[in-house]
Amino acid sequence: MKILGKITITICGLLLLFFTSDFPDWGDVNSPASTHLSPYFIEHTIEDTAVPNIVTSVLADYRGYDTMFETTVILTAGLACFLLLRIPRKDSIHRYYRHEPTGVTIRVEGDRYPKGSNVFTRIDSSWVPYDLIINFTCRLLIHFIQLFALYVVAHGHHSPGGGFQGGVLLGASVILFAISGNLRAAIKRFGEKTAAILSSTGVFIYAGAGALCLFIGEQFLNYSALGPLLGTDRIMARSHGILIVEIGVAMAVMAVMIWIYYNLSSAGKQDEGL
Amino acid sequence: MSMETILSVKPLFAVLVSLVAIPGIVSSRSQNIREAWTFGAAAIKLLLVLSMLPLVLDGNVLTFTLVQVLPDIGITFKVDAFGLLFAIVASSLWIVTSIYSIGYMRSLNEHSQTRYFSFFAVAISATIGVAFSANLLTLYLFYEMLSLATFPLVTHHQDKEARSSGRKYLFYILGGSIGLVLPAMMITYHFTGTLDFAAQGVMAGHINSGLALLLTVMFLFGFAKVGIMPMHSWLPAAMVAPTPVSALLHAVAVVKVGAFSVVRVFTGIVGTTLLSDFGINGIVCVLASITIVVASLIALSQDELKRRLAFSTIGQLSYIVLGIALLTKSGMTGGMLHIAMHAFGKITLFFCAGAIFCATGIKYISKMKGIGRRMPITMTAFLIGSLSVVGFPPCGGFISKWYLVLGTVESGNIAFLFVLLGSSFLNAAYFFRFSTMLFSAAKRR
Amino acid sequence: MFENKIDEAPLWCVVPLVITASISVLLFFYPQPFLKLASLAVQTIMGG
Amino acid sequence: MTSNLPALVIIVPLLASLVAAGAGWFNRKAPFYIAVIALLISFISSVLLLAQVVATGVAIEYQMAGWPAPVGIVYVIDHLSAMVLVVITFVAFVNLIGNRQAVETEFKNKEGAFNALYVLFTAGLVGMTATGDAFNLYVLLEIASLSGYALIGLGSSRAPLATLNYLFLGTIGATFYLLGVGYLYIATGSLNMADLATIIPSMMNSSTILFAFIICLTGLLVKMAIFPVHGWLPGAYSESSTVSAGLIAPLTTKVTIYIMVRICLTLFTPEYTFGYIDPTDIMVAIAVASIIFGSLSALAQKDFKRMLSYIIIAEVGYMVGGFFLGNRMGVSGAILHIVNDAAMTLALFMAAGIFIWKTGDEKQSSLKGLYAKMPFTMAGFTLAALSVVGVPPTCGFFSKWYLISGGIAAGQYLFVGALIFSSLINAVLFFRIFEIALFEPFKSHHHAGDEEDKVESHHGETIVDPGVIESAQQYSGSDSHDHGAIVIKEPPLPMLVPFLGVCVLLLILGLYSGSIVNNIIHFAIPAGII
């Protein structure tokens with residue numbers, strides 16, 4: 013069976029190589045890909061959408077419909093992880109508590125220990141001692157990461173960037189927080205419910221903006237329709253529309269990343285984990 | 000005589016009336032109401048069928064298309080002389096059988112009578128549907144419907160024997176219809192472009208001799224209900240059903256639907272000219288003759304009365320096929336008449352078998368000695384029935400057999416005449432040996 | 346084997362079989378409806 | 008609003024799934040109703056679209072974001088896609104309302120996510136069907152696949168493993184398709200199907216195009232689980248929960264076949280597919296293998312849903328073979344079978360849902376005595392089974408009719424034989440179940456007993472059929488097993504009515520298949536195919 017698989021893969025690879033024989037040359041200006049549609053985008057992007065970054069305008073406007081569903085794919089992944097992994101916390105689980113003054117760890121069955129104690133803190137079963145350097149560095153970095161993320165989201169019109177990249181950075185900042193401290197602390201600040209609702213809200217902003225255009229009387233996702241609403245002309249409205257959906261994408265990507273992280277790192281219990 | 004095609008919904012109603020009665024049958028709270036529904040439906044059905052008789056006798060044809068299921072084929076009804084003949088037989092005997100069912104089912108205190116009466120109604124609907132089909136597709140539809148509606152009736156007792164018989168029944172009937180008739184029908188459709196029954200057949204000019212022979216044989220064996228050997232063995236097995244089922248379905252409705260379908264396909268699809276030009280009819284005649292003789296011989300050796308009747312039926316069905324395949328006027332008339340004549344005779348015999356079982360619980364001939372004294376009316380009727388099936392005057396069976404004999408003579412093939420006569424002697428042997436035994440044993444006493 | 350006492354099946358069973366038996370006999374003397382239908386059918390098939 | 012119908016068909020479910028996902032955190036009942044309403048709106052929209060297309064006879068084009076064809080993404084609703092849209096939205100809607108109880112018990116506390124994924128899956132399929140853009144199709148394929156994996160993953164204890172299997176093969180399939188689209192883009196510079204169709208005839212000899220065709224087709228074949236790349240299907244469908252299987256089994260393979268038809272006819276044009284490449288012989292051979300393998304494997308199964316899964320593999324063979332016959336009859340049959348098979352599979356999986364809900368397990372042997380216990384359900388099941396066998400006038404017969412006619416016309420007698428063979432096998436399969444349900448006495452199921460009784464009394468319906476009561480008495484009198492009197496216990500009406508509706512639909516589809524072919528499918532096949 014293994015050999016069969018290897019043979020199949022080899023054949024597939026060879027076929028792929030063989031059929032590249034009549035590919036256009038690398039970077040050929042006369043290749044169909046550069047002559048058929050690309051000229052249109054290069055020549056018309058500014059006058060159509062007032063966005064200097066052609067990639068952004070193709071991504072979020074000309075083919076914005078695709079991107080909306082790419083965002084939905086991410087949400088779907090989050091929902092799938094939740095549906096498959098999430099298991100409600102069981103009551104009869106044992107937990108570990110650390111007596112801060114002495115460093116003694118005790119194991120408690122169930123939820124019997126009174127909450128709000130300041131001498132005992134709950135710790136994970138795979139606890140490692142507190143590391144000041146890591147913790148401090150991360151906390152310091154997180155704010156800058158988030159600030160940079162917002163820049164990336166907002167600056168997608170002009171330079172590489174946009175909702176996906178910014179969202180990933182935002183999500184990473186929270187995950188970094190969880191890694192540097194512990195999962196419970198992260199969940200306390202940015203709960204699962206928040207993550208879940210933000211993720212669908214993010215996509216909803218995208219799809220809702222599109223639907224709004226539809227209700228105003230233009231095609232779905234035709235941001236020109238938002239012109240009167242935003243107080244701009246139809247061309248600028250497209251540019252603004254792109255920003256709106258980028259924000260939605262960023263929100264969704266961030267929340268889904270965090271949500272998936274919560275579920276994966278704690279095997280769905282969200283009780284303890286990395 | 001003016002030949003006219005009249006558009007009429009009567010055929011549709013005649014088919015549907017017993018289906019419409021089913022909700023009534025199912026929802027009835029008492030036996031009486033349930034049976035009233037059955038009777039009502041049966042009476043209306045017979046009246047509807049009979050009301051078409053004058054028109055058809057004047058040479059008219061009634062048609063109605065229910066729905067166009069394929070671009071050029073619809074579920075279409077057509078009432079012509081042959082179809083009406085069969086419909087009259089089936090619908091008139093439904094009433095009689097309904098009466099009989101009441102007596103039989105009640106006296107034996109059978110279970111699941113609602114199911115029984117419901118599927119009986121479906122089966123009759125399907126039978127009339129076959130009789131009134133205007134094309135092969137419609138016929139196939141009702142043929143399958145009949146096969147499936149009969150399954151719960153055959154397996155009515157829900158025991159081991161019923162189960163294995165049910166399997167056998169389905170194996171032959173569904174196997175034949177899906178495995179042979181369906182492809183044959185589709186090949187026919189592919190080459191001829193139509194499935195409508197035409198007076199002269201539709202294959203001529205489209206299909207060569209080899210294929211025509213193949214298709215004919217596929218149809219003949221595929222319509223397994225006609226019981227041409229070796230596709231016959233479901234019929235004796237199906238005798239586990241309650242007797243009214245055996246009576247109406249396995250002496251009239253189901254088996255005659257097989258015969259009817261074969262006749263329809265031979266005349267309406269294959270066409271008599273093609274049959275005779277390529278000599279296919281000779282092969283069919285031989286197959287039918289073999290079945291006639293072998294079935295009669297087997298019948299002689301059967302001890303269970305219903306099984307003996309079943310083998311007798313297998314033989315008699317082949318008379319019909321033989322009569323048609325002779326391709327002479329008298330032969331065909333005889334074959335068609337035999338559908339009616341044999342039905343009345345054979346159903347009498349089954350009724351008698353059931354009556355004996357009801358009154359005494361006996362199924363085997365060897366135990367019936369002297370029963371004629373105890374049940375004189377039943378046994379007189381039995382005698383008349385067997386006279387009719389054997390073809391003795393003064394019974395209906397004589398007339399059809401007379402035409403069949405004329406047909407063999409007309410065809411000039413004396414071998415088949417001997418088959419007919421020889422098998423009649425065998426019939427006489429297995430019936431009269433039995434009948435005389437019933438009475439004589441009592442005399443001896 | 347059986348006593349000479351007449352003991353028929355229930356009436357609902359006997360009536361039908363008497364009916365069909367009489368029809369069988371009747372059809373010998375009066376086969377016209379079926380005969381006519383059959384010959385009509387044969388006429389359409391065989392012509393003439 | 009009517010001009011926006013092509014967008015509404017997909018946008019309404021999309022928005023609803025987002026709302027449902029959020030609403031699930033506040034209210035446990037809301038997601039279900041949001042999903043149902045969205046699917047209903049989507050269904051109505053697709054029916055209106057179909058009506059419009061049939062009435063006008065022209066395809067509707069909808070430009071997303073207002074950009075015309077090769078530049079932006081367009082949706083094209085023609086006869087074919089409108090019909091498939093109706094099928095998808097109908098199946099999704101009926102399956103959901105028919106399984107409300109099952110959803111509530113099987114996905115406790117996850118109603119939001121479940122309903123959202125359910126609707127997303129539908130939206131994905133709807134988008135795949137309506138789109139006129141080869142790459143957009145891939146994106147929506149991803150949506151449908153991902154949500155499909157999630158829905159299937161939650162089932163029996165073996166479901167996750169089966170899903171992993173599905174995920175591997177499904178991803179390979181999708182990737183192959185994407186690779187094909189990539190090759191196409193390199194060769195032509197376009198992603199729009201109509202645009203591609205104008206370019207491809209001028210470059211028939213390009214080996215890039217040829218490979219794109221091969222690899223797209225291979226990807227789709229993996230996705231539709233034809234033999235020998237069927238491995239993922241039986242596990243995925245039989246281990247998952249019934250409500251998921253009831254959505255995914257009728258739709259995934261059928262929509263993939265639709266995509267295949269679309270790609271071969273609309274994108275690669277019939278001249279290229281049947282004229283230049285002419286894959287009839289090899290594809291029909293694969294189809295025949297699939298039919299025979301599927302049928303024989305189904306024969307060996309003891310589990311009801313697993314048996315249905317293998318039947319689906321055989322049915323895929325029907326459609327692939329029929330399509331690649333390359334004549335009008337065969338292609339009509341394949342397309343008609345998309346509709347009919349979706350309806351039949353839906354009916355059978357809904358029946359499976361009722362059986363499992365009633366008896367608590369999936370073995371065929373646990374169907375004992377069900378004819379007496381729930382006559383209405385069994386009547387519907389019988390109808391569905393007969394349709395799979397291909398008994399007229401159910402719809403299964405008529406698609407088979409076209410397929411066989413096509414096979415005869417193309418001279419592919421092996422295909423004809425395989426179809427007949429599989430019909431016979433199906434007859435054996437289902438009559439085996441009928442026998443169990445009819446002959447063997449009912450045994451009470453301990454583990455399903457108490458809970459079930461509560462539900463029953465809650466709905467408080469008893470349908471009494473005198474015949475069955477009689478049979479019950481007969482049983483208790485004559486049989487050695489002591490199992491008491493049989494009480495008729497149909498499933499609750501919200502479960503029974505949709506199921507019976509689908510079963511009746513099988514008859515209606517059959518009787519009106521002539522009009523479906525004449526008014527819809529006839530226009531869905533390019534004139535070049537005779």
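Protein chains in written order, with our numbering: chain L, 13 to 286; chain P, 0 to 444; chain A, 346 to 393; chain R, 8 to 537.
Even for Gly, the Cβ is constructed at its ideal location relative to N, Cα and C.
Report task. Could you tell me whether the stretch 176-191 of chain P touches the stretch 237-257 of chain P, where touching means 3 or more Cβ pairs closer than 8 angstroms? Result -> As far as the Cβ criterion goes, the stretch 176-191 of chain P does not touch the stretch 237-257 of chain P, which means the pair count is below three.
Query - 7 angstroms Cβ cutoff, A/P376 in contact with chain P - result: At a cut-off of 7 angstroms between C-beta atoms, A/P376 counts as an interface residue with respect to chain P.
Query raised in the report: Is there contact between the stretch 293-308 of chain P and the stretch 356-366 of chain A, where contact requires at least three CB pairs shorter than 8 angstroms?
Result: No: the two stretches stay apart, fewer than three of their Cβ pairs being nearer than 8 angstroms.
**Report entry** Inter-residue Cα distance where the pair is R/H465 and R/P498
**Finding:** With a pLDDT of only 38 at R/H465, under 50, the local geometry of the prediction cannot be trusted, and the value read off the model is given with reservation. Looking at the backbone, the Cα of R/H465 and that of R/P498 are separated by about 12 angstroms.
Query raised in the report: Which residues of chain L have a Cβ atom closer than 8 angstroms to the Cβ of R/Y156, listed in chain order?
Result: For a Cβ distance threshold of 8 angstroms, residue set A92 of chain L lies close to R/Y156, ordered along the chain.
Requested in this report: Reducing DSSP to helix, strand and coil, say where R/L332 ends up.
Outcome: Of the three classes helix, strand and coil, the one that applies to R/L332 here is coil, per DSSP.
Query raised in the report: Applying a beta-carbon distance threshold of less than 8 angstroms, which residues of chain A neighbour P/T271?
Result: One finds I390 and M391 in chain A with Cβ atoms closer than 8 angstroms to the Cβ of P/T271, taken in chain order.
Requested in this report: Using three-state DSSP, classify P/N134 as helix, strand or coil.
Outcome: The answer is strand: DSSP assigns P/N134 an E or B state.
Query raised in the report: In whole angstroms, what is the alpha-carbon distance linking P/L173 and R/S429?
Result: The alpha-carbon atoms of P/L173 and R/S429 are separated by roughly 13 angstroms.
Query raised in the report: Does the beta-carbon distance from A/S369 to P/G200 come in below 7 angstroms?
Result: It is not a contact, given that the beta carbons lie outside the stated cut-off.
Query raised in the report: P/E303 bridges to which residues according to DSSP?
Result: Note: P/E303 sits in a beta bridge opposite P/Y363.
Query raised in the report: Given that L/A45 touches chain R, what residues does it touch there, using C-beta distances under 7 angstroms?
Result: Those are Y192, I193 and G196, listed as they occur along chain R.
Query raised in the report: Between which two residues does the alpha helix (DSSP H) containing P/H189 stretch?
Result: For P/H189, the enclosing alpha helix (DSSP H) has its first and last residue at L181 to T191.
Query - Contained alpha helix (DSSP H) runs [length at least 4] in the stretch 144-198 of chain R, N- to C-terminal order - result: Runs found: 166-195.
Query raised in the report: What does a CB cutoff of less than 7 angstroms around P/G23 pick up in its chain, not counting 5 residues either side in sequence?
Result: For P/G23, where only same-chain residues beyond five positions count, the Cβ hits under 7 angstroms are W36.
Query - DSSP-derived helix/strand/coil call for R/Y3 - result: One cannot answer for residue 3 of chain R here, as it falls past the ends of chain R, which runs 8 to 537.
Report task. Would you verify that the beta carbon of L/T83 is, or is not, closer than 7 angstroms to some beta carbon of chain R? Result -> At a cut-off of 7 angstroms between C-beta atoms, L/T83 does not count as an interface residue with respect to chain R.
Query - Proximal chain A residues relative to P/P393, where beta-carbon distance stays under 8 angstroms - result: For P/P393, the residues of chain A that pass the 8 angstroms Cβ criterion are V370, F373 and F374, in the order they occur in the chain.
Query raised in the report: Quick one, which residues of the stretch 295-314 of chain R are near chain L if we go by CB-CB under 8 angstroms, in chain order?
Result: Within the stretch 295-314 of chain R, no residue qualifies.
Requested in this report: Please state if the CB of R/I159 and the CB of R/A243 are separated by a distance shorter than 7 angstroms.
Outcome: The Cβ-Cβ distance between R/A243 and R/I159 falls below 7 angstroms.
Requested in this report: In the DSSP assignment, find the unbroken alpha helix (DSSP H) run with P/Q67 in it and report its ends.
Outcome: First-last for P/Q67: V60 to L69, but that is the beta strand (DSSP E), not the alpha helix (DSSP H).
**Report entry** Option in P/F391, P/H337 and P/M367 with minimal Cα separation from A/S384
**Finding:** The residue from P/F391, P/H337 and P/M367 with its alpha-carbon nearest to that of A/S384 is P/H337.
Query raised in the report: Among P/S124, P/V389, P/I206 and P/R307, which residue has its Cα nearest to the Cα of P/S423?
Result: Residue P/V389 is the option with its Cα nearest to P/S423.
Query - Selection from L/G193, L/P113 and L/V257 that minimises the alpha carbon distance to L/V140 - result: For L/V140, the closest of L/G193, L/P113 and L/V257 by C-alpha to C-alpha distance is L/G193.
Query - chain R within 7 angstroms of L/S251, Cβ atoms only - result: No, L/S251 lies away from the interface with chain R (no Cβ there is under 7 angstroms from its Cβ).
Requested in this report: Alpha carbon to alpha carbon, how far is P/S26 from R/H488? Give it in angstroms, no decimals.
Outcome: Below a pLDDT of 50, predicted positions are generally treated as unreliable, and R/H488, at 40, falls in that range; the measurement from the model is reported next regardless. Roughly 30 angstroms between the two C-alpha positions.
Query raised in the report: Given P/L214, which residues of its chain have a CB within under 8 angstroms of its CB, disregarding the five upstream and five downstream residues?
Result: The answer, listed in chain order, is A183, I186, T187, M202, I206 and V269.
Requested in this report: Could you check what DSSP says for R/Y82 in three-state terms: helix, strand or coil?
Outcome: Here R/Y82 sits in strand by DSSP.
Report task. At 8 angstroms on the CB atoms, spell out the chain A contacts of P/F196, in chain order. Result -> Neighbours of P/F196 in chain A, taken as residues whose beta carbon is under 8 angstroms from its own, are absent, since the nearest beta carbon is some 10 angstroms off.
Requested in this report: Check distances from the C-beta atoms of the stretch 42-66 of chain R to those of chain L and list, in chain order, the residues that come in under 9 angstroms.
Outcome: Hits within the stretch: zero.
**Report entry** Burial state of R/D457 (16 or more Cβ within 10 Å)
**Finding:** Summary for R/D457: the model assigns pLDDT 39, below 50, so the residue's position carries little reliability, and this model does not support an answer.
Query raised in the report: What residues of chain P sit near R/N525, judged by a beta carbon separation below 7 angstroms?
Result: P70, listed in chain order.
Requested in this report: Would you mind giving the Cβ-Cβ distance between R/L343 and R/Y265, rounded to the nearest angstrom? I have them listed as a contact below 8 angstroms.
Outcome: In this structure R/L343 is not in contact with R/Y265, their Cβ atoms being roughly 12 angstroms apart against a cut-off of 8 angstroms.
Query raised in the report: Around the Cβ of R/S302, are there at least 16 other Cβ atoms within 10 angstroms (buried) or fewer (exposed)?
Result: Burial call: buried.
Query raised in the report: With contact counted as at least three CB pairs below 8 angstroms, one residue from each stretch, are the stretch 377-394 of chain R and the stretch 406-426 of chain R in contact?
Result: In this structure the stretch 377-394 of chain R does not touch the stretch 406-426 of chain R; the number of beta carbon pairs closer than 8 angstroms is below three.
Query raised in the report: Exposed or buried, P/N108, counting other C-beta atoms within 10 Å across all chains shown (16 or more means buried)?
Result: P/N108 should be labelled exposed.
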